[in-house]
Amino acid sequence: MITELGHFALALALAVALVQSVLPMIGAARGNGALMDVARPAAFAQFVLVIAAFGALVHAFVTSDFSVVGVYNNSHTLKPLLYKISGVWGNHEGSLLLWITILAVFGAAVAALGRNLPPTLRARTLAVQGMISVGFIAFILFTSNPFLRIDPAPAEGLGLNPILQDPGLAFHPPMLYMGYVGFSIVFAFAVAALIEGRVDATWARWVRPWTLAAWIFLTLGIGLGSWWSYYTLGWGGWWAWDPVENVSFLPWLAGTALLHSAIVVEKREALKSWTVLLALVAFSMSLLGTFLVRSGLLTSPHAFAADPTRGIFVLALLGITIGGSLVLYAIRAPYLEGGGAFAPISREGGLLINNLLLTTCVATVLLGTVYPIITDALDVGKITVGRPYFDAVFVPLMVPLVALMGVGPLLSWKRADVTGALARLKIAAAIVAVVAVSTLAVSGTSLVALGTALGFSMAAWLGISTILEWAERTRIIRAGAFQRVIHLPRAAHGMTVAHFGMAVLIAGITASTAGRQEHIQTMTPGQSVEMAGYTLTFKGVATVPGPNYTANRATIELTRDGRLIDTLQPERRVFRQPPQETTFIRIHTRWFSELYTVLGDPDDNGYVTRFFYEPLVTLIWYGTLLMALGGLISLTDRRYRVGAPRRAVSVAAGMPAPEAAE
Amino acid sequence: MAEATPKRRPARWPYLLPLVFIAVLGVVFGKRLADVEKGADPKAIPTVLLNTPAPMLDLPALPNFGDDVTSADLKGRVTLVNFFGSWCVACVAEHPVLMEIARSGEIPIIGVDWRDTPEQGAAWIRRYGNPYTKIGQDPKSRTAIDFGVVAAPESFLIDASGVIRYKQAGIITREDWRDKIRPLIAQLKQ
Amino acid sequence: MKWTALLFALLVAGAAHAIEPKEMLTDPALEARARDIGRELACVVCQGENIDESGAEIAADMRTLVRQRIVAGESNTQIMAYMVSRYGDYVRLNPRFMPRTYLLWFGPLMILLVGGFVVARRLRREPAEAVPPLTPEEQAALANIHREGNAP
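Chains as they are written, first to last, in numbering that gives the first Met the number 0: chain F, 0 to 661; chain U, 0 to 189; chain E, 0 to 151.
#1: So, at 7 Å on beta carbons, what are the nonlocal neighbours of V15/F in its own chain, with the 5 sequence-adjacent residues on each side left out?
#2: Could you please tell me which residues of the stretch 53–64 of chain E, in chain order, have their CB closer than 8 Å to any CB of chain U?
#3: Using a cut-off of 8 Å between C-beta atoms, extract the partners of Q46/E located in chain U.
#4: If we count the other Cβ atoms within 10 Å of its Cβ and call it buried at 16 or more, is Q186/U buried or exposed?
#5: CA-CA distance, G380/F and R414/F?
#6: Going straight from the alpha carbon of T132/U to that of L49/U, what length do you get?
#7: Excluding five sequence neighbours on each side, which residues of the same chain lie with their C-beta closer than 7 Å to the C-beta of E128/E?
#8: What residues from chain U crowd round S272/F, counting only those whose CB sits closer than 8 Å?
#9: Out of P17/U, P52/U, R177/U, point me to the one whose CA is closest to S160/U's CA.
#10: Per DSSP, what are the beta-bridge partners of S522/F in this structure?
#11: In chain E, what lies closer than 9 Å to I157/U by C-beta?
#12: For F60/F and T100/F, what's the separation of their Cα atoms in angstroms?
#13: So which residues on chain F does E160/E lean against when the C-beta distance must stay under 7 Å?
#14: Check whether the stretch 53–71 of chain E touches the stretch 132–152 of chain U, counting contact only when three or more Cβ pairs, one atom from each stretch, lie closer than 8 Å.
#15: Out of I139/F, A269/F, N144/F, P387/F, point me to the one whose CA is closest to A200/F's CA.
#16: Just to confirm, is the Cβ distance from I109/U to V80/U under 7 Å?
#17: Output needed for A187/F: all residues of its chain with C-beta closer than 6 Å, excluding positions within five of it in sequence on either side, in chain order.
#18: Please confirm if the stretch 472–482 of chain F is in contact with the stretch 612–622 of chain F, defined as three or more CB-CB distances below 8 Å between the two stretches.
#19: Cβ of D241/F less than 7 Å from any chain U Cβ?
#20: What's the gap between the Cα of P667/F and the Cα of S324/F?
#21: DSSP three-state call for L410/F: helix, strand or coil?
#22: Output yes if chain U places a C-beta closer than 7 Å to the C-beta of V43/E; else output no.
#23: Would you call the CB atoms of A256/F and T358/F closer than 7 Å?
#24: Please confirm if D602/F has its CB atom under 7 Å from at least one CB of chain U.
#25: N75/E to I36/E, Cα distance in whole Å?
#26: Can you tell me whether DSSP reads R76/U as helix, strand or coil?
#27: Return the Cβ separation of F138/F and F312/F in integer angstroms, given the expectation that the two are a contact with Cβ distance under 8 Å.
#28: Check the DSSP bridge columns for Q128/F and list the partner residues they point to.
#29: Quick check on A497/F: buried or exposed, where buried means 16 or more other Cβ atoms within 10 Å of its Cβ?
#30: Report the residue from P387/F, D36/F, L351/F whose alpha carbon sits nearest the alpha carbon of R121/E.
#31: I'd like to know whether the C-beta atoms of Y176/F and L97/F end up nearer to each other than 7 Å.
#32: Could you check the C-alpha separation between G69/F and A122/U for me, to the nearest Å?
#33: Given a cut-off of 7 Å, decide if T210/F and V185/F are closer than it, judged by their beta-carbon atoms.
#34: Determine the closest residue to D165/F out of G89/F, A376/F, A189/F, with distance taken between C-alpha atoms.
#35: Looking at chain F, is there any beta carbon in it that lies within less than 7 Å of the beta carbon of K30/U?
#36: Measuring only the C-alpha atoms, how far is I505/F from P546/F?
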């Protein structure tokens, strides 16, 4: 009964979304306040209805109602509660419903927080948001209904793939979707601005908090996914340039470019049409990310089960959303330009080059990801585009970008003095030289060593110049520094933290790639292996029962200079439903480096064990966290607080609503 | 919009580029989706060995099922080479069709028992029947990789001069036999 | 379909089976070469993974074959060429430079150059040079845009 109510609520939400997408748009075009005012209550109503639908599905999973197909296929009574709940979005239908739920939450947030927006802009933004809801709810209801029943109901479910039964992965999709869907708000703002034919500094300020919020969630989501694959898949990798990873990286790259170009709109009233385009692209990439993995065109171990008819619907939805917005862009964007021209050496000049490089990154990752689909479609022979390609093309783009990140923040707006900026970075340059030389001294002059030296140099350059810039801005060693730190805009602190996080990330990537050690061997009880200054002694394997699995648990003693430091117990787990084997990795962390132990299969008279030493690998996730934290600090900037930019009353009241015919 | 264009009127065409780009991508996706809906498998890896001489065959026989398999078995006649294994679920589904083909006597079928133990392979043949004129063992995939095999069952139609003329990835259904393989055999025998 | 479900289970669960000690060569230099090749070869049943990371049995056999060929004295290039001759370019994780991958390899550079050209044009304009004023036609068009939708 609750399930049917959920289904009904979703159908009702579709009707509300239709109203929300049509009436306010007409109202805004005709200057009819009553019609425009429909948008807010409609957004709230949609929120309530979609939450009800989502709640109904969660209820079905929690109560293990196997008469619901999705529950039968993806759940099991023996599953712990957390994974019963995460099972809701562990499948195509449920994950789409989660997507819509987040969309409704964001829509309601705009309605609630956007009081200060000009009424036409607010009405149009919510209307566009409504249109996106219409498309997605229709997609769910007509092709991917999560509320389908089976009769008679089976007594037990098929269970959730045990590899997905992990706290990291339970929260990974919601984070990622909050990022994807967050960009839908930015998209809606951009479409509304195109309709109004007006993009200015205030628009950039309204959009910025939403972009930041989406970017933070996406950063965390990607980081969480990478961390999950590192500690569950058993080979110590944290990024494989898998298509499914790439499509989550694409909106992140586009969103990062958007964050930076929006600053130029705000400060210089320039790059308007470009910024609007990036807003459209960021969400288009999110849509691609959500859907390419469901179309059956991309082949990846992480892709959802494919269904070509769904694929056609998806393509139509993408075509209307992305294509429609770009048609509007082609018509209206030429009139958006204006603003000042740029000096080559200036803050805006630096941001422009930043955007050039980031956009090339987006295009490159997109090209590599869809290229196999292109060759398939043209039938010119199957090819694979894997990690070596992405490493080869991505790194050369990151090197100038990171070099620029060191200098850019020191440049002033309009016209800057590059020699002055570089002179202020003398210390950074000197330290970079020391880092590069000492890396080469330690690791020789092979190609790998050169790459390592480059990586550490980049990290040092970015880290030190970021701190120098902050110290200079706050004149940290002079009297009254505390006051200046307090009064420095939060956005400036945010930038410092985020850029520093990037430096930390680069250091982690370089160290863990260059200094990785591995030992793979068959061990019998009592045998030991020396690695990175540790002695790992294999004590044997015992069989232990788990809640819904049985495990072979190894005991490995970790000693250093004869002293016992840690006892690690990696496992191989055999799950009952679905019958599947997984590895349970155990890690010893010392400072920022990790010793990673995996138990393999029995072999002859012992067990296969795999040990990896990953130096500074945790910096990758600390760096990611710092980047997200930087975003969060920026988000708390008073100037940008959601809904805060109170336009001068005279402007708000007197502002005409520029508008073209439909 | 006024058509007269004095000097620096902003060019409009650059703003069309994103649309053009997305449209091209959309057409490519659409074409591919249509292919997939028509039955193209995005996971399938088309063989590059079509119309090239079959790789060398030199496999020890499955004990008690005839002689060793060699390339000489392919000479002078059209042959079907079928990769199977006792672990392969789909092979059980394919087996009745192979039995029918064997009974028809139209073409000799050479079996390659892939990634299997001789005991399990033999037990499987005893249980489901033997459609093969000869069965070779390929426990370490040497021959399978030579043939570019991805997953069992896979079958290769090889002409009298030892050239691969057709590859069936997955189960040979009665329709495949009737509509594709059998006509091709007739053609190759001429 | 059962078969695909089974295959999928095999692929996912297999991730940890990766490379086994039994397969490894005793000579560390040769083993290092085998790993280099293994990282460049795509597993043919599990998309996106290389054969070193893959748990699929065919990947294990490919790893063994790579090592046998190394021991037999073949070069890395010869071994890659052999694999490509069996499975096509699909097995190369690093796509070869050939007509059908020109766009793939040149694409990023082309985008960077075109974008760089646009950016350079924009940057060369000195800030002193003001944006040219709107032509009368443009002003009319703009006014038109502003007026149309603004009707009460």
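Even for Gly, the Cβ is constructed at its ideal location relative to N, Cα and C. Remember, it's a predicted structure, so these values are computed and weren't measured experimentally.
Checking against the coordinates, here is how it stands:
#1: A41, A44, Q45, L48
#2: Answer set for the stretch 53–64 of chain E: E56, I57, D60, M61, T63, L64.
#3: K42, listed in chain order.
#4: exposed
#5: Take the alpha-carbon of G380/F and the one of R414/F: they are about 52 Å apart.
#6: 24 Å
#7: Any answer about E128/E is weak, because its pLDDT of 43 lies below 50 and its placement is not dependable; what the coordinates show is given next. None.
#8: Y14
#9: P52/U
#10: The residue you asked about is not Ser; residue 522/F is Met in the sequence shown. Answer is Y606/F.
#11: Near I157/U there are no residues of chain E at all, since even the closest Cβ is about 16 Å away, more than 9 Å.
#12: 17 Å
#13: A query on residue 160/E cannot be resolved here, the shown segment of chain E reaching from 0 to 151 and no further.
#14: yes
#15: A269/F
#16: yes
#17: T124, V127, Q128
#18: no
#19: Chain U, which has no Cβ nearer than 7 Å to the Cβ of D241/F, makes this no.
#20: What is shown of chain F runs 0 to 661, which leaves residue 667/F out entirely.
#21: coil
#22: Closer than 7 Å: yes.
#23: yes
#24: Not an interface residue.
#25: Computed Cα separation, rounded: 7 Å.
#26: coil
#27: Cβ atoms of F138/F and F312/F come within 8 Å of each other, at about 6 Å.
#28: Answer is none; Q128/F lacks a bridge partner.
#29: buried
#30: L351/F
#31: yes
#32: 39 Å
#33: Yes. Within cutoff.
#34: Taking only the C-alpha atoms, the option nearest D165/F is G89/F.
#35: yes
#36: 40 Å
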